[in-house]
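Undergrad: Here you go, one structure.
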Amino acid sequence: MTLTLKSLGGAETVTGSKHLLDADGTRVLVDCGLFQGLKHLRERNWAPLAVPPDSIDAVVLTHAHLDHSGYLPKLVREGFRGVVHCTEATASLCEILLKDSAQIAEKDAEYANRKGFSKHEPALPLYTMRDAERALKHLKPIPFNAEFEVARDCGLTFRRAGHILGAATAEVKIAGSTLVFSGDLGRYDDAVMLSPEAVAHADYVIVESTYGDRTHPKTDILSELGDIIERTIQRGGTVIIPAFAVGRVQILLYHLWQLKRTGRLAATPIYLDSPMAISATELLRAHPDDHKLDSAAIEGSCAVARYTRDVADSMAITANPMPKVIIAGSGMATGGRVVHHIRTFAPDPRNTILFAGYQAVGTRGARLLAGETELKMFGDWIPVRAEIANLPQLSAHADADEIMRWLSGFTRAPRRVFIVHGEPAASEALRTRIGRELHWKASVVDALVGYELKEECDRSNAC
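The numbers in this note's numbering rise by one with no breaks, and the one at position 64 of the sequence shown is 64.
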């Protein structure tokens, strides 16, 4: 039996994860993500998938972030009829994220048609709310640490990956081989999320490399976060924190609650201006086994901010000149309510725009961190005079040392490690390090190249 691995996304970039396993016609897609960031990447969402969606037998989701799940509505609309296997918390988060993604797509298309700036007549959304709702019906939650058959002669076991609620590594047994997909690995000793679980063995490992060429600062996050906010408030400014609604917001709320408990920021109003983040935060209560927080910490974290669900309330806090902290999506400032806040607050040097994690190439976040002094927003050029700060240690992604720590948990060398989900420099740095420190064969995956994998060796014979 032949087995082929092909990455239809999430290779040579940090977005659009889709990894296809083909075992003599049995096809399993591990992750089904949207391309985000640079325009040439986003345009790939509109291209036909490299294989017919109706030829895919099953989808495995490692977690709910849109760069791993957001293509599902289009996949279903274009013919996929199988089951999407995920964890309980991932299913809960997908209901929030996929509907929100569809709503944004519909609103963007409507706005383009109303303003007449689209190249297409009429402008259409990538998918609709109806598409998202249909896709959600395909989700089938399964528990951690139990093997399930997901396609003909194909078994799946999820283990905890940390990162966000429900995130998992995926062990897939197919065509006599065992493959382990890291998905997005979380941090060890994170204040909120559980540490990634070790995996004993695999024939092939497919590992992310978002931070494959760097490590997170080993500094006191509470002290740094408190210092940035306090100096901004003291000069009469507002702190804008672009944050991913799922994962980053919950970690930020926990740390802000901790600061309040120590007496810092006592009089500073904090706003969570993201309906999606509010809903995701409430899931902490529903999935207590997926994180470290006890009931007191959950309630304290959830209560530290004032929630603004309505657009009118969002506009009111933008117009309010009083010093404050505003947390809003999106995390790379590519869309959502945070863009309106940045347009208002970026020109004033009293204010601070604080980033809290990875910023993909081409995003507003990456450009601001690179020192750009103007941003084009809503057709106008906006001067950037606010302080730009970054706390990469707030990232929910494992850094290079933590990726190596997870890989070191395998009790024997896999036949090959495939490196995905990273910018080229980060992926290459991780490949070099795996070879130097672990002496394993490792390759950076080329987009759309099919890798033929050998059948699992009979352990009683030489390979």
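In this text, a Cβ means the ideal position worked out from N, Cα and C, and glycines have one as well. If you're wondering where the values come from, they're calculated on a predicted model, not measured in any experiment.
What first and last residue would you give for the beta strand (DSSP E) that runs through P424?
TA: Here residue 424 refers to the residue found at position 424 when the sequence shown is read from its first residue. No beta strand (DSSP E) holds P424; the alpha helix (DSSP H) holding it covers P424 to R433.
Undergrad: Look at L259 and I241 and say whether their C-beta atoms are less than 8 Å apart.
TA: Stepping through the sequence shown from its first residue, residue 259 is reached at position 259. Stepping through the sequence shown from its first residue, residue 241 is reached at position 241. No, the Cβ-Cβ distance between L259 and I241 is not below 8 Å.
Undergrad: Going residue by residue through the stretch 176 to 261, where are the continuous alpha helix (DSSP H) segments of at least 4 residues, counting only ones entirely within it?
TA: As far as the stretch 176 to 261 is concerned, its whole alpha helix (DSSP H) runs of at least 4 residues are 221 to 234 and 248 to 261.
Undergrad: If distances are taken between C-alpha atoms only, which option among V239, G70, F148 and D153 comes closest to M129?
TA: As a working mapping, residue 129 is identified with position 129 in the sequence shown. Ranking V239, G70, F148 and D153 by Cα distance to M129 puts G70 first.
Undergrad: Run through DSSP, which three-state label would T344 get?
TA: As a working mapping, residue 344 is identified with position 344 in the sequence shown. Note: T344 maps to helix in three-state DSSP.
Undergrad: Rounded C-beta distance between V445 and A11? I'm assuming under 8 Å.
TA: Within the sequence shown, the letter at position 445 stands for residue 445. Within the sequence shown, the letter at position 11 stands for residue 11. So it is a contact: roughly 4 Å between Cβ atoms.
Undergrad: Can you tell me the Cα-Cα spacing of S395 and D190, whole angstroms?
TA: Taking the first residue of the sequence shown as position 1, residue 395 is located at position 395. Taking the first residue of the sequence shown as position 1, residue 190 is located at position 190. A direct Cα-Cα distance of roughly 10 Å separates S395 from D190.
Undergrad: So the alpha helix (DSSP H) K292 belongs to, where does it begin and stop?
TA: For this step, residue 292 is matched to residue 292 along the sequence shown. No alpha helix (DSSP H) contains K292, which DSSP labels as neither H nor E.
Undergrad: Just to confirm, are Q36 and L66 a CB contact at a threshold of 8 Å?
TA: Position 36 of the sequence shown, counted from the start, is the residue given in the question as residue 36. Position 66 of the sequence shown, counted from the start, is the residue given in the question as residue 66. Q36 is a Cβ neighbour of L66, given a cutoff of 8 Å.
Undergrad: CB-CB under 6 Å to F378, same chain, minus the five flanking residues each way: which ones, in chain order?
TA: Numbered from its first residue, the sequence shown carries residue 378 at position 378. Beyond the five residues adjoining it in sequence on each side, F378 comes within less than 6 Å, by CB distance, of no other residue in the same chain.
Undergrad: Which whole-angstrom value is the C-beta distance of V205 and V180, which I expect to be below 8 Å?
TA: Here the question's residue 205 lines up with position 205 in the sequence shown. Here the question's residue 180 lines up with position 180 in the sequence shown. Between V180 and V205 the Cβ distance is about 5 Å, and since that is below 8 Å, they are a contact.
Undergrad: Using a Cβ-Cβ cutoff of less than 6 Å, which residues in the same chain neighbour A200 once the five nearest sequence positions on both sides are dropped?
TA: Here residue 200 refers to the residue found at position 200 when the sequence shown is read from its first residue. Around A200: T411.
Undergrad: Report all residues from its chain with a CB closer than 6 Å to the CB of E147; omit the five preceding and five following residues, and keep chain order.
TA: Numbered from its first residue, the sequence shown carries residue 147 at position 147. Correct list, in chain order: G155 and T157.
Undergrad: For the candidate residues K140, L194 and Y188, whose alpha-carbon lies nearest to that of L165?
TA: If you number the sequence shown from 1, residue 165 lands on position 165. Ranking the options by Cα distance to L165, first place goes to L194.
Undergrad: Is C463 helix, strand or coil when you go by DSSP?
TA: Reading the sequence shown from its first residue, position 463 is the one you call residue 463. Low confidence applies to C463: its pLDDT is 39, below 50, so where it sits in the model is not reliable enough to give any reading.
Undergrad: Should R160 be labelled buried (16 or more other beta-carbon atoms within 10 Å of its own) or exposed?
TA: Along the sequence shown, one-based indexing puts residue 160 at 160. Buried, since its Cβ has 16 or more Cβ neighbours within 10 Å.
Undergrad: May I have the straight-line CA-CA distance separating A91 from Q103, to the nearest angstrom?
TA: What you label residue 91 is simply residue 91 of the sequence shown in a count that begins at 1. What you label residue 103 is simply residue 103 of the sequence shown in a count that begins at 1. Cα to Cα, A91 sits roughly 18 Å from Q103.
Undergrad: Our contact map puts V76 next to L29 with C-beta atoms below 8 Å; I'd like the distance itself, whole angstroms only.
TA: Against the sequence shown, residue 76 aligns to sequence position 76. Against the sequence shown, residue 29 aligns to sequence position 29. 12 Å between Cβ atoms; not a contact.
Undergrad: Please classify S223 as buried or exposed, where buried requires at least 16 other C-beta atoms within 10 Å of its C-beta.
TA: Translated into positions along the sequence shown, residue 223 becomes position 223. Exposed: under 16 other Cβ atoms inside 10 Å.
Undergrad: Pairing CB atoms from the stretch 315 to 334 with CB atoms from the stretch 227 to 244, are three or more of them under 8 Å?
TA: These segments touch.
Undergrad: With C-beta atoms as the reference, is A167 less than 8 Å away from G183?
TA: Here residue 167 corresponds to residue number 167 of the sequence shown, with the count starting at 1. Here residue 183 corresponds to residue number 183 of the sequence shown, with the count starting at 1. Taking 8 Å as the Cβ cut-off, A167 and G183 qualify as a contacting pair.
Undergrad: Suppose contacts are defined by Cβ-Cβ distances below 8 Å. Is A400 in contact with Y211 by that definition?
TA: As a first step, residue 400 is located in the sequence shown; it is residue number 400 there, counting from the start. As a first step, residue 211 is located in the sequence shown; it is residue number 211 there, counting from the start. Cβ atoms of A400 and Y211: closer than 8 Å.
Undergrad: Looking at T15 and A360, is the spacing between their C-beta atoms short of 8 Å?
TA: Taking the sequence shown and counting its residues from 1, one reaches residue 360 at position 360. Taking the sequence shown and counting its residues from 1, one reaches residue 15 at position 15. Their beta carbons are under 8 Å apart, which means A360 touches T15 by this criterion.
Undergrad: If I measure Cβ to Cβ from A105 and keep anything under 8 Å in the same chain, skipping five residues before and after, which residues do I get?
TA: Along the sequence shown, read from residue 1 onward, the residue named residue 105 stands at position 105. So the list reads P125, L126, Y127 and T128, once near-sequence residues are dropped.
Undergrad: Which of the three DSSP states, helix, strand or coil, is assigned to A109?
TA: Looking up residue 109 in the sequence shown gives position 109. In this structure, A109 counts as helix in the three-state DSSP scheme.
Undergrad: Indicate the three-state DSSP secondary structure (helix, strand or coil) for K115 in the structure shown.
TA: Position 115 of the sequence shown, counted from the first residue, corresponds to residue 115. The three-state secondary structure of K115, taken from DSSP, is helix.
Undergrad: Output the boundary residues of the beta strand (DSSP E) element that contains Q377.
TA: As a position in the sequence shown, residue 377 is number 377, starting the count at 1. Checking the sequence shown, residue 377 turns out to be Met, not Gln. Here the beta strand (DSSP E) through M377 covers E374 to M377.
Undergrad: Please name the residue in G176, N145, G409 and T169 whose C-alpha comes closest to that of R152.
TA: Here the question's residue 152 lines up with position 152 in the sequence shown. For R152, the nearest C-alpha among the options comes from G176.
Undergrad: Is it true that the CB of R306 sits closer than 8 Å to the CB of G236?
TA: Sequence index remark: in the sequence shown, residue 236 carries index 236 (1-based). Sequence index remark: in the sequence shown, residue 306 carries index 306 (1-based). No, the Cβ-Cβ distance between G236 and R306 is not below 8 Å.
Undergrad: In angstroms, rounded to a whole number, what distance separates the CA positions of A312 and W440?
TA: Taking the first residue of the sequence shown as 1, we reach residue 312 at position 312. Taking the first residue of the sequence shown as 1, we reach residue 440 at position 440. Each residue's alpha carbon lies about 56 Å from the other.
Undergrad: Helix, strand or coil for E402, going by three-state DSSP, please let me know.
TA: Taking the sequence shown and counting its residues from 1, the one referred to as residue 402 is at position 402. It is helical.
Undergrad: Thinking D290 and A89 are a contact (beta carbons under 8 Å), I'd like their distance in whole angstroms, please.
TA: Working through the sequence shown from its first residue, we reach residue 290 at position 290. Working through the sequence shown from its first residue, we reach residue 89 at position 89. Going by Cβ atoms, the distance from D290 to A89 rounds to 5 Å, so yes, they are a contact pair.
Undergrad: In this structure, how does DSSP classify G155 when only helix, strand and coil are distinguished?
TA: On the sequence shown, position 155 is the one that residue 155 refers to. Strand at G155.
Undergrad: Just list the residues that DSSP pairs P349 with in beta bridges.
TA: By one-based count along the sequence shown, residue 349 stands at place 349. According to DSSP, which records beta bridges pairwise, P349 is partnered with nothing at all.
Undergrad: Around the C-beta of G79, are 16 or more other C-beta atoms found within 10 angstroms, so that it is buried, or is it exposed?
TA: One-based indexing of the sequence shown puts residue 79 at position 79. Burial call: exposed.
Undergrad: Going by beta-carbon coordinates alone, are C84 and L20 separated by less than 8 Å?
TA: In the sequence shown, counting from the first residue as 1, residue 84 sits at position 84. In the sequence shown, counting from the first residue as 1, residue 20 sits at position 20. Going by the sequence as given, residue 84 is Val instead of Cys. It is not a contact, given that the beta carbons lie outside the stated cut-off.
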